[in-house]
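Numbering (the working numbering), first residue to last: 447 to 1092.
The structure appears right after this line, and notes come after that.
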Ligand code: GAL
């Protein structure tokens, strides 16, 4: 990759050719080098079945090419045109309640409908044939944010086929789903359905398998397009943009092996310092999926969603957010979208060119960032340093994303974010890892609320602990097996022995619960029995008075409550220090990300605070071109240094 990518979704079909001309001039001014074109352009490309209008796209690609801007060409299959819905009503998605949705928004398709699959492949092939050797083509962007769910009869049929492949016979399915509970035993495959709306609580194993099935089915749909495009334009990388959310039935670990480049869209759901913590979280996760190489495909140039309000990013924040991604390995920073739309559902979504136009503070910052980004390209090959890993698994999220759990407050994402946040606060570089992976390279592994643990994952974690690395397991880990059935004999079933404890009962808490070391937990507590481990802290007051809350057995720690932040941070600090990992010691809100390549170490320092900070870091300031042995970073500022570590 010669340079870091800079640009975003470009939707010229919403604008006149006069605006295109201005776009080219502004893109050049901003240093844009990649435009994602065509994401939702199906009805502009094929306004009637089989009648194509390519003139506009021909012109746009040529214009971009003429201006030195490369193209990330999308297949428009996330939004079939209205004519398609009417011609194939069976390809419209059906909700769990049986309501068939109509076009009028986006993503109104059923991935299992043969007509949809055929049409999607058809338009991908047509684009591949026409543009596969266009000189501007840098990358294919298949579809947009795979994640749609449908419960129709096509889906029921495909789900049954998937289940037949997985279980072989109904007896195995009945066992895996424990259908003896509530008389759900199946005696013919036709009786099995997607988890449509039912009278009361659904079967959790069925719901989980449905998510797994959808992930596989969507992946098949991706692969079909990918294979055709690969054949028509060999050597051009093919990706799709991963989106992140509890509703998304995509197992990103598995998908990551199928794309040429992992790409994510990232929109934090909070505007405060949490947005920075979430930015780091998403970027660390993407780096793990991409095995070090990935691209930020979308972020907002300005608006941060904050509980019903969209907050403009304050000056400098777009730059710091972008740098936070680049520091963590993204090969550039792209946005949704180039120019803020003047109509349509997302008319108030920010753009690199805001409604106010180029004569605006926001666009000035876009131009300034475009000037600095190329100066960081040499760091792209450097490996992000991390001695700590957090285990992440979509299946644990899916398995806890439903009713029937001991507390409605159980929140896998929040638990993983909380663990990551402590490390972020401490300034400790963090990777994510799949539970079955080889963890031996890490000095510390944190296992937050890993509810569902396959035998293979249990073995991997046990092996890691035996190897002597520090391990911190938090409540609700190791509870269920791969079928989402409870591991008996005491929680946390899969990790009981390595932790030297046995949890007899869960005791969700309405408010807070105190520990004898001054820490406060909330929402959750457990009756923990020591079985070799020692108590690091005990509950204080209430039924659990004097019983263990935090335990340690050699190198394996267990946390049985949802510790509030300052106390959680102290615990994580204790664990990382036990492994010889040093926190950065920087003031809260000042983050440093280090990367190493050969004898060069890169240090990205981002100051999210309102105070200037002076740091003892030296080296060459890659952007300003000066060498120093210490740096001052302005409030809201940043610096990227290269130092020789020989
Ligand atoms: C993404 C999506 C974009 C746009 C953006 C802003 O998830 O891919 O098309 O909708 O969000 O909301």
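Here a beta-carbon is modelled for each residue, glycine too, at the ideal position from N, C-alpha and C.
Residues in the same chain with beta-carbon distance under 7 Å from residue 869, minus the five sequence neighbours each way, listed in chain order, please. On the chain shown, position 423 is the one that residue 869 refers to. Cβ within range, chain order: 834, 876 and 1018.
What span of residues does the beta strand (DSSP E) with residue 981 cover, start to end? On the chain shown, residue 981 is found 535 positions in, with the first residue counted as 1. Segment 980–986, the beta strand (DSSP E) holding residue 981.
For residue 945, which three-state DSSP category applies? Position 499 of the chain shown, counting from 1, holds the residue named residue 945. Here residue 945 sits in helix by DSSP.
Whole angstroms is fine: what's the gap from residue 644's alpha carbon to residue 460's? Position 198 of the chain shown, counting from 1, holds the residue named residue 644. Position 14 of the chain shown, counting from 1, holds the residue named residue 460. Looking at the two C-alpha atoms, the distance is approximately 42 Å.
Relative to ligand 1, is the shortest distance from any of its heavy atoms to the C-beta of residue 711 smaller than 6 Å? The residue given as residue 711 occupies position 265 in the chain shown. Under cutoff, so the answer is yes.
DSSP state of residue 824, grouped into three classes? Within the chain shown, residue 824 is the residue found at index 378, counting from 1. Residue 824: helix per DSSP, three-state reduction.
Any chance the CB of residue 795 is under 6 Å from a heavy atom of ligand 1? Taking the chain shown and counting its residues from 1, one reaches residue 795 at position 349. Yes, since a heavy atom of ligand 1 falls inside the 6 Å radius drawn around the Cβ of residue 795.
Just to confirm my understanding: we take residue 485, look at its own chain, exclude 5 residues before and 5 after, and list those with CB closer than 8 Å. What are they? Taking the first residue of the chain shown as position 1, residue 485 is located at position 39. Around residue 485: 455, 457, 520, 522, 524, 587 and 590.
Could you check which residue in 530, 504 and 780 has the C-alpha nearest to that of residue 473? Sequence index remark: in the chain shown, residue 473 carries index 27 (1-based). It is 780.
Let me make sure I understand the geometry here. Which of 481, 740, 726 and 727 has the alpha-carbon closest to that of residue 703? Taking the first residue of the chain shown as position 1, residue 703 is located at position 257. The option with the nearest alpha carbon to residue 703 is 740.
Ordered list of beta strand (DSSP E) runs contained in the region 588–646, each at least 3 residues: none
Can you tell me whether residue 459 sits near ligand 1, meaning its C-beta is under 6 Å from at least one heavy atom of the ligand? As a first step, residue 459 is located in the chain shown; it is residue number 13 there, counting from the start. Result no, Cβ not under 6 Å from ligand 1.
DSSP beta-bridge partners of residue 1053: Stepping through the chain shown from its first residue, residue 1053 is reached at position 607. For residue 1053, which the question treats as bridged, DSSP gives the partners 1036.
Report the rounded CA-to-CA distance for residue 634 versus residue 844, giving the unit in angstroms. Within the chain shown, residue 634 is the residue found at index 188, counting from 1. Within the chain shown, residue 844 is the residue found at index 398, counting from 1. So the two alpha carbons sit approximately 27 Å from each other.
Determine the closest residue to residue 639 out of 901, 656 and 650, with distance taken between C-alpha atoms. Residue mapping note: residue 639 aligns to position 193 of the chain shown, counting from 1. Closest by alpha carbon: 656.
Rounded to whole angstroms, what is the Cα-Cα separation between residue 853 and residue 994? Taking the chain shown and counting its residues from 1, one reaches residue 853 at position 407. Taking the chain shown and counting its residues from 1, one reaches residue 994 at position 548. Going by the C-alpha atoms only, they are around 21 Å apart.
Inter-residue Cα distance where the pair is residue 751 and residue 716: Numbered from its first residue, the chain shown carries residue 751 at position 305. Numbered from its first residue, the chain shown carries residue 716 at position 270. Each residue's alpha carbon lies about 6 Å from the other.
Residue 693 burial status per 10 Å Cβ neighbour count (16 or more: buried): To locate residue 693, count along the chain shown from 1; it is residue 247. Exposed: under 16 other Cβ atoms inside 10 Å.
Residue from 672, 826 and 776 with nearest C-alpha to residue 731: In the chain shown, the residue the question calls residue 731 occupies position 285. Taking only the C-alpha atoms, the option nearest residue 731 is 776.
Nearest-angstrom Cα separation, counted from residue 1036 out to residue 1013: By 1-based counting over the chain shown, the position of residue 1013 is 567. By 1-based counting over the chain shown, the position of residue 1036 is 590. Between the alpha carbons of residue 1013 and residue 1036 lies a distance of about 20 Å.
At 4 residues or longer, what runs of the alpha helix (DSSP H) sit wholly inside the region 713–739? Taking only runs of at least 4 residues, the alpha helix (DSSP H) segments lying wholly in the region 713–739 are 719–735.
Since residue 438 and residue 706 are thought to touch, with beta carbons under 8 Å apart, how far apart are those beta carbons, to the nearest angstrom? Not covered by the structure: residue 438. The range shown for the chain is 447 to 1092.
Beta strand (DSSP E) containing residue 660: first to last residue? Sequence index remark: in the chain shown, residue 660 carries index 214 (1-based). Taken as a continuous stretch (DSSP letters only), residue 660 belongs to no beta strand (DSSP E), being part of the alpha helix (DSSP H) at 650–678.
Where residue 916 sits in the DSSP three-state scheme: In the chain shown, counting from the first residue as 1, residue 916 sits at position 470. Three-state result, residue 916: strand.
Rounded to a whole number of angstroms, what is the C-alpha to C-alpha distance between residue 614 and residue 712? Numbered from its first residue, the chain shown carries residue 614 at position 168. Numbered from its first residue, the chain shown carries residue 712 at position 266. Near 39 Å, if we compare the C-alpha coordinates of residue 712 and residue 614.
Out of curiosity, what's the CA-to-CA distance linking residue 494 and residue 771? In the chain shown, residue 494 corresponds to position 48, counting from 1. In the chain shown, residue 771 corresponds to position 325, counting from 1. When rounded, the separation of the alpha-carbon atoms in residue 494 and residue 771 is 41 Å.
Answer yes or no: do residue 592 and residue 696 have a C-beta to C-beta separation smaller than 7 Å? Counting from 1 along the chain shown, the entry for residue 592 is found at position 146. Counting from 1 along the chain shown, the entry for residue 696 is found at position 250. Contact flag set, yes.
Under 8 Å by Cβ, that's how I've got residue 1059 and residue 1085 pegged, so tell me the actual separation to the nearest angstrom. Here the question's residue 1059 lines up with position 613 in the chain shown. Here the question's residue 1085 lines up with position 639 in the chain shown. That belief does not hold up - the Cβ atoms of residue 1059 and residue 1085 are roughly 10 Å apart, past 8 Å.
Tell me whether residue 1041 is buried or exposed, calling it buried when 16 or more other Cβ atoms sit within 10 Å of its Cβ. What you label residue 1041 is simply residue 595 of the chain shown in a count that begins at 1. Buried, since its Cβ has 16 or more Cβ neighbours within 10 Å.
Rounded to whole angstroms, how far is the Cβ of residue 1074 from the Cβ of residue 1064, which I believe are closer than 8 Å? Your numbering for residue 1074 matches position 628 in the chain shown. Your numbering for residue 1064 matches position 618 in the chain shown. Between residue 1064 and residue 1074 the Cβ distance is about 6 Å, and since that is below 8 Å, they are a contact.
Comparing the C-beta of residue 698 with each C-beta of chain D, is any distance below 7 Å? Among the protein chains of the structure shown there is no chain D, as only one such chain exists.
Where the alpha helix (DSSP H) containing residue 469 begins and where it ends: Along the chain shown, one-based indexing puts residue 469 at 23. 463–476 is the span of the alpha helix (DSSP H), which, as asked, contains residue 469.
Rounded straight-line distance, which links the Cα of residue 956 to that of residue 821: Numbered from 1 along the chain shown, position 375 holds the residue referred to as residue 821. Numbered from 1 along the chain shown, position 510 holds the residue referred to as residue 956. Those two C-alpha atoms are separated by around 52 Å.
Just the Cα atoms here: how many angstroms apart are residue 625 and residue 874? Looking up residue 625 in the chain shown gives position 179. Looking up residue 874 in the chain shown gives position 428. Those two C-alpha atoms are separated by around 46 Å.
Once DSSP output is grouped into helix, strand and coil, what is the label at residue 580? Within the chain shown, residue 580 is the residue found at index 134, counting from 1. Coil.
Compute the Euclidean distance between the alpha carbons of residue 1039 and residue 865, then round it to the nearest angstrom. As a first step, residue 1039 must be located in the chain shown, where it is residue number 593. As a first step, residue 865 must be located in the chain shown, where it is residue number 419. Approximately 18 Å, taken between the alpha carbons.
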